[in-house]
Structures are given as C-alpha cells and as structure tokens.
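K.L.:
Okay, handing you the structure first.
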Amino acid sequence: MKTIYYALVPLLILLFFAAISSVISYLILMIAGDVVSMRKIVSKAAQIFLLISIFPLRHYLKLTWSDIGFAAKSIFFKQIGYGLILGLITLMPVMIALYAMDISIIDQAREWTAEKIISRVSLALLLALLISFAEEPLFSGILLAGLRKKMWLGLAAFLSATYYAAFHFVKTKTDIPYDELTIGSGFQLMAEAFANLLNPEIGSAFIALLVVGLFLVTIRTQIESSIGICIGCHAAWVWQIKLGKDFFNTNSNSEYYYLVSNYYDGVVGPLVSVWLSLAIVGYFIWKKFYIK
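Here it is as structure tokens:
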C-alpha cells in the first residue's frame, strides 16, 4: 500500500501545481488583458512550479545534489559534452533510416542560406539545452532519487520513465475566448490536458517516450552522478528532432510510415522504441558477460 502511495505522490504534486497555475493564469489575464492564450500560461506556469519544486523537495527528502545526480562543476560540464555525443550517436541512425525509407523528405519549399542555417542550428541547440536542463533534473534527478528511497530501484526507474512520458502528453489544444474566461476555465483546460492521456492516438508515441525515459534512467542509475550525461543526451535528441522539422517534411505516403507516430513529431514512434530497447538490452548483456 505504501508503494502505491509513493508512486502516486508525483501525480498529486503535478495536480496541485496545475490547479495553482489555473487560478494564477486567470488572474494574470484579468490584469494584463487578452495578450496570450490561457492554455499556454497554465502549461508554462505548471512547468515552472515543478522545476522550482526541486529545491524544497530536495530538502524535504534530505537529498544532496549528488543524490539527484549532479557531479562537481568541472565534471558536470564534461558530462554534458559526453551526453551530446551519445545523443548524436543514438538518434542519428534513426534520422538516417527515416530519410532512407522516405519517411523524412527534404523540404524543397524553403530556401536556406549559410547564415540562416547557422542561426537555426544554434537556436535549436540552445532551445534543446534549455528543455533538457529543465526536464532531466526533474525526472532523472529528483523524481528518481525520491522514488528509489521508497521502493525497489527497478520500479522507481519504471515509474520515473512513465511520468516522463506522460508529461509530454498532458496538454490541450483548446483556446477559450477571452470574454468567456472564468475562474474555472483553467480547471477545464487542466481536465482536458489530463484526459489526453487516455487518447488512443498517443499510444505508439507514449511507448517510445517511455523507452526514451528508461534509456535516460539507465544512464542515471548505472553511472554515478551522471545527470550531466542525461542532459547532454536529451539535448542532442531534441536538437536533431528540431532540425529535422526545419529541413524535412514527414511523408505520410511512405510504406514505412507506421514506424513513426502521426500524433507526435514525425520521429518518435515504434522505430525509436525498438532501437533504444535494443540499446538498453545490449548494454545489460554487455555488462553481465563482459564486465567483471
């Protein structure tokens, strides 16, 4: 029973912050006016609250920064570099395969100059690093460290990866007109966002991101204080996907289109699930038979 309780605590925390964000978003819009969609404010505010929660939760759980996965500063930044290389090595074969199978086709409509390419590549890397710096300390860091104090490591890793995958689908596309907003509008959006987890269309993408999460927590649990590697690896994946969206279109007419999710980003899907699952299994086989 305690294990179930601890497994649900992260969900309760997310619901709490989502509820606070719903109220705050309404108040902001009432003061600022019709400047942005409420759903965007609710989403970003909840993410900010989750990120900030790392600090009080670390003290409450009596975790050191090392417990969360942070190494010394000099090592940490080297780890990010190693992670970037690992991310390129692990996702680049998928990107090449998608191009070879005509799932990803070059966008002929866009005109690129060297200056535009350099600018876009740099901006995509910056955004990728920001995303990974936010998500990895949260999921592979504080969440995994907190759960593993209360349960078997394998279960903690699976739950951390599950929350990581689910996080990407707690969203809604509904835009409520400004003149129809009420104090309860944010809660309506919140309910729709969580209900999206029951959407059957997210199935293959959810499984793929679950495997992605497992890959990252494998790094985190197999290498001491390795959150830097997780950040770098995650950033490299996001970087490649963002650049793929810029330079390529997804071809739904490809006979291999089923290898990607038509719900998500044109990359994540069954192919990623199989590829990274093989990488995880291959690592543990290698560890068992070749590491003494």
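Numbered according to the numbering used here, the sequence shown terminates at residue 433, and the numbering increases by one at each position without gaps. From the three backbone atoms N, C-alpha and C, an ideal C-beta is built for every residue, glycine too.
#1: Are Thr313 and Leu288 close, meaning C-beta to C-beta below 8 Å?
#2: Quick check on the DSSP output: what are the complete alpha helix (DSSP H) runs of length 4 or more inside the segment 191–271, in order along the chain?
#3: Would DSSP call Thr359 helix, strand or coil?
#4: Might you give, ordered along the chain, the residues of its own chain that have their beta carbon closer than 7 Å to the beta carbon of Pro151, omitting 5 neighbours on each side?
#5: Just how far apart, CA to CA, sit Leu266 and Ile169?
#6: Going along the chain, which residues of its own chain have a beta-carbon closer than 7 Å to the beta-carbon of Ser367, five neighbours each way excluded?
#7: Give me the residue from Asp406, Trp380, Ala241 with the minimum Cα distance to Ser263.
#8: Report yes if the C-beta distance between Gly228 and Trp416 is below 8 Å; otherwise report no.
#9: According to the neighbour-count rule (16 or more other Cβ atoms, all chains shown, within 10 Å of its Cβ), is Pro234 buried or exposed?
#10: Where DSSP assigns a beta bridge to Asn390, which residues make up the other side?
#11: The alpha helix (DSSP H) that contains Thr303, what's its start and end?
#12: Give the list of continuous beta strand (DSSP E) stretches no shorter than 3 residues that lie fully inside the segment 388–432.
#13: Quick check on the burial criterion: 16 or more other C-beta atoms within 10 angstroms. Buried or exposed for Lys383?
#14: Going by beta carbon distance, what residues of the same chain come within less than 7 Å of Met310, once the five residues before and after it are set aside?
#15: Quick check on Val176: does DSSP put it in helix, strand or coil?
#16: Buried or exposed for Arg251, going by 16 or more other Cβ atoms inside 10 Å?
#17: On the three-state DSSP scale, how would you describe Met142?
#18: Determine, using beta carbons only, whether Val183 and Gly327 come nearer to each other than 8 Å.
#19: Can you give me the C-alpha to C-alpha distance between Gln188 and Asp208, rounded to a whole angstrom?
#20: Using only the alpha-carbon positions, how far apart do Gly174 and Leu198 sit?
#21: In the DSSP assignment, find the unbroken alpha helix (DSSP H) run with Ser326 in it and report its ends.
#22: Might you give, ordered along the chain, the residues of its own chain that have their beta carbon closer than 7 Å to the beta carbon of Ile161, omitting 5 neighbours on each side?
#23: Where does Val311 fall in DSSP's three states?
#24: For Lys214 and Ser395, I'd like the C-alpha separation in whole angstroms.
#25: By the three-class DSSP mapping on this structure, what secondary structure does Glu276 have?
#26: Please state the DSSP three-state secondary structure of Ile348.
P.N.:
This is what the structure gives:
#1: Not a contact, by the Cβ cut-off of 8 Å.
#2: If we require 4 residues or more, the alpha helix (DSSP H) runs fully inside the segment 191–271 come out as 195–201, 206–209, 214–241.
#3: Residue state, collapsed to three classes: helix.
#4: Only Leu284, Tyr304 meet the Cβ criterion.
#5: Here the alpha carbons of Ile169 and Leu266 stand approximately 31 Å from one another.
#6: Excluding sequence neighbours, Ser367 sits near Gly210, Gln220, Ile360, Arg361.
#7: The shortest C-alpha separation from Ser263 is found at Trp380.
#8: In this structure, Trp416 does not lie closer than 8 Å to Gly228 by Cβ.
#9: Pro234 is exposed by the Cβ-count criterion.
#10: Asn390 pairs with Ile246.
#11: That run of the alpha helix (DSSP H) goes 294–308.
#12: As far as the segment 388–432 is concerned, its whole beta strand (DSSP E) runs of at least 3 residues are 389–391.
#13: Lys383 should be labelled buried.
#14: It is Phe, not Met, that sits at residue 310 in the sequence shown. Residues of the same chain with a CB within less than 7 Å of the CB of Phe310, apart from the 5 flanking positions on each side, are Asn337, Leu338, Ile343, Phe347 in chain order.
#15: The answer is coil: DSSP assigns Val176 none of H, G, I, E or B.
#16: Counting Cβ neighbours within 10 Å, Arg251 comes out exposed, since fewer than 16 surround it.
#17: Correct three-state label for Met142: coil.
#18: Yes.
#19: Their backbone Cα atoms lie some 22 Å apart in a straight line.
#20: Answer to the nearest angstrom: the Cα atoms are 34 Å apart.
#21: Here the alpha helix (DSSP H) through Ser326 covers 326–336.
#22: Contacts found: Phe190.
#23: Val311: coil per DSSP, three-state reduction.
#24: Note on geometry: alpha-carbon atoms of Lys214 and Ser395 lie some 46 Å from one another.
#25: Three-state DSSP puts Glu276 in a helix.
#26: When secondary structure is reduced to three states using DSSP, Ile348 falls in the helix class.
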